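Each residue of the sequence shown is one higher than the last, beginning at 23 in the working numbering.
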Amino acid sequence: MVIRTEDDNGQLKRCVAYPAVETVHEDSICTKVFMPPRDVPEAVCEAARKLATEVVSTLWGRGVFAVEMFLLADGSLMVNEVAPRPHNSGHYTIEAVPQMSQYKAQLHAVLDLPVPEKLTPRVPSAIMLNILGGATPSAHLKLAELARATFDDDMDVYLHLYNKESKPGRKIGHITLTGTSTIQELEAKAKPFIDLVDEIRRERISASAETLRPKQETAAGLDVLRAFGVPYALDITSAHRTARYMMRVAEEAAGRGIRVIIAAAGGAAHLPGMLASETPLPVVGVPVKATHLDGLDSLLSIVQMPRGVPTATVGINNSTNAALLAVRILGSFMPEYQEKMRRYQLDMEEQVMVKGNKLRELGDVEYLAAKGK
Numbered sequence: 023m024v025i026r027t028e029d030d031n032g033q034l035k036r037c038v039a040y041p042a043v044e045t046v047h048e049d050s051i052c053t054k055v056f057m058p059p060r061d062v063p064e065a066v067c068e069a070a071r072k073l074a075t076e077v078v079s080t081l082w083g084r085g086v087f088a089v090e091m092f093l094l095a096d097g098s099l100m101v102n103e104v105a106p107r108p109h110n111s112g113h114y115t116i117e118a119v120p121q122m123s124q125y126k127a128q129l130h131a132v133l134d135l136p137v138p139e140k141l142t143p144r145v146p147s148a149i150m151l152n153i154l155g156g157a158t159p160s161a162h163l164k165l166a167e168l169a170r171a172t173f174d175d176d177m178d179v180y181l182h183l184y185n186k187e188s189k190p191g192r193k194i195g196h197i198t199l200t201g202t203s204t205i206q207e208l209e210a211k212a213k214p215f216i217d218l219v220d221e222i223r224r225e226r227i228s229a230s231a232e233t234l235r236p237k238q239e240t241a242a243g244l245d246v247l248r249a250f251g252v253p254y255a256l257d258i259t260s261a262h263r264t265a266r267y268m269m270r271v272a273e274e275a276a277g278r279g280i281r282v283i284i285a286a287a288g289g290a291a292h293l294p295g296m297l298a299s300e301t302p303l304p305v306v307g308v309p310v311k312a313t314h315l316d317g318l319d320s321l322l323s324i325v326q327m328p329r330g331v332p333t334a335t336v337g338i339n340n341s342t343n344a345a346l347l348a349v350r351i352l353g354s355f356m357p358e359y360q361e362k363m364r365r366y367q368l369d370m371e372e373q374v375m376v377k378g379n380k381l382r383e384l385g386d387v388e389y390l391a392a393k394g395k
């Protein structure tokens, strides 16, 4: 964060940088801010302040500018973007730099009022946690209650609620924690808050298996979701027998924080397509082999959806692939699932290589005999 002031002719008067902070982003949203950054040398922090000041000095305008940059593996810095406004990463300044918070700085810069030569925090460490809407409208209340009930001689807790309607992933408040010691010690004291923020996030990003039936042919998908650590909600509904309830499930899914729906259906398998027609979320259909036609009726019912109602379809009874596809969809915007999928693929490759080596070692007759064939 940098304060930039100009004279009446639009010429630069001064740029003053706040301390460098570390931001943690999950699901493309800033969730945590640490001041000072954890495990970053002071020299790097000062280099970041200097670089931010140089960047903002080349711009025009009065106010507060947030300069986002990356710390690379070799210790160098790379500027990513500049936001010409008070910024989420600067909320901590309300309590940690009270003599010139980012909001006060914005007013002073715009109105050409005095700004300090140096911005020194009044505490040695601070953490800002964003309060994001969870899977339910009341999911964040337990975090607010924890903030109201916590008192510690070495940590102060400041709760800010924005009086905004709670929606999944929406910023509806923040908590600032200030400490009397190092950022590592403050992080340890703040662990109950950090754990609760992470718990609300896990609930929010649930991938739903709304209609996976607890039968052997479809239960394998649940095993996959559990193996990848994907939270899920399980339900049973029917496109024909519980049509109104099915419509409500589809219409409310996105608002509940669900990101993917896996729908298993057999026979005249209209459920996946009907869900897809009523929700903006991706729907993965699992054709189930029913009593007749070996599941081909289910497969064709799902795969032949009309234009404009895309419904992903996997093989008959193949809930494993449905779950893996759901993980890949989540991985497109959640790096942790993408990394888990990459490891899963490497594990599969290794298993095939081991089998191939065994075949070459034993020969086909002995290899097949060992497998009981």
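Just so it is clear, CB atoms sit at the ideal spot from N, CA and C, and this is done for glycine as well. Being a predicted model, the structure only gives us computed values, none of them experimental.
According to DSSP, is residue i part of a helix, a strand, or is it coil?
| i | result |
| --- | --- |
| Ala69 | helix |
| Pro328 | coil |
| Asp217 | helix |
| Asn31 | coil |
| Gly385 | coil |
| Asp178 | strand |
| Ile280 | coil |
| Glu44 | strand |
| Arg84 | coil |
| Val104 | strand |
| Ala229 | With a pLDDT of 38 at Ala229, under the threshold of 50, the predicted position of this residue should be treated as unreliable, and no value is reported. |
What residue from the options has the CA that sits closest to residue i's CA?
| i | options | result |
| --- | --- | --- |
| His47 | Ile194, Gln367, Val55 | Val55 |
| Gly289 | Val132, Arg266, Pro309, Glu273 | Pro309 |
| Met150 | Leu181, Ala286, Val246 | Leu181 |
| Arg329 | Val336, Ser299, Arg223 | Ser299 |
| Arg107 | Ser98, Ala131, Val101 | Ala131 |
| Arg223 | Ala157, Asp29, Ala95, Ser98 | Ala157 |
| Arg170 | Phe215, Glu358, Gln206, Leu141 | Phe215 |
| Leu346 | Gly251, Gln373, His109, Ser323 | Gly251 |
| Ile284 | Thr335, Met327, Leu315, Val331 | Thr335 |
Exposed or buried, what is residue i when buried is set at 16 or more other beta-carbons lying within 10 Å of its beta-carbon?
| i | result |
| --- | --- |
| Met23 | buried |
| Ala210 | exposed |
| Ser230 | For Ser230, the predicted model reports a pLDDT of 36, less than 50, meaning its position is unreliable; a value from the coordinates is still stated below. Its Cβ being crowded by 16 or more others within 10 Å, Ser230 is buried. |
| Ile258 | exposed |
Residues in the same chain with beta-carbon distance under 8 Å from residue i, minus the five sequence neighbours each way, listed in chain order, please.
| i | result |
| --- | --- |
| Val104 | Val77, Val78, Leu81, Phe87, Ala88, Val89, Glu90 |
| Asp129 | Correcting the residue type first, residue 129 is Leu in the shown sequence and not Asp. Counting only Cβ-Cβ distances below 8 Å, and skipping sequence neighbours, we find Leu135. |
Return the chain-ordered list of same chain residues with a C-beta closer than 7 Å to the C-beta of residue i, the five sequence neighbours on each side being excluded.
| i | result |
| --- | --- |
| Thr172 | Val179 |
| Asp176 | Gly201, Thr202, Ser203, Lys211 |
| Ala127 | Ile25, Val86, Val137 |
Which value, in whole angstroms, describes the spacing of the CA atoms of residue i and residue j?
| i | j | result |
| --- | --- | --- |
| Cys37 | Gly243 | 56 Å |
| Pro190 | Cys52 | 14 Å |
| Thr333 | Thr264 | 20 Å |
| Phe92 | Arg26 | 22 Å |
| Arg365 | Gln121 | 49 Å |
| Ala261 | Glu207 | 54 Å |
| Val387 | Lys380 | 12 Å |
| Met356 | Thr342 | 20 Å |
| Leu234 | Leu256 | Here the model assigns Leu234 a pLDDT of 39, short of 50, so the residue's position is not dependable, and the following value carries that caveat. If I take the Cα positions, the gap works out to 7 Å. |
| Ser228 | Arg248 | Unreliable placement is indicated for Ser228, whose pLDDT of 48 sits below 50; no coordinate value is reported for it. |
So, at 6 Å on beta carbons, what are the nonlocal neighbours of residue i in its own chain, with the 5 sequence-adjacent residues on each side left out?
| i | result |
| --- | --- |
| Ile194 | Ile153, Gly155, Tyr184, Lys186, Ser188 |
Should residue i be counted as a contact of the ligand MG given a C-beta to heavy atom distance under 7 Å?
| i | result |
| --- | --- |
| Met268 | No copy of the ligand MG occurs in the structure displayed, which carries no ligand at all. |
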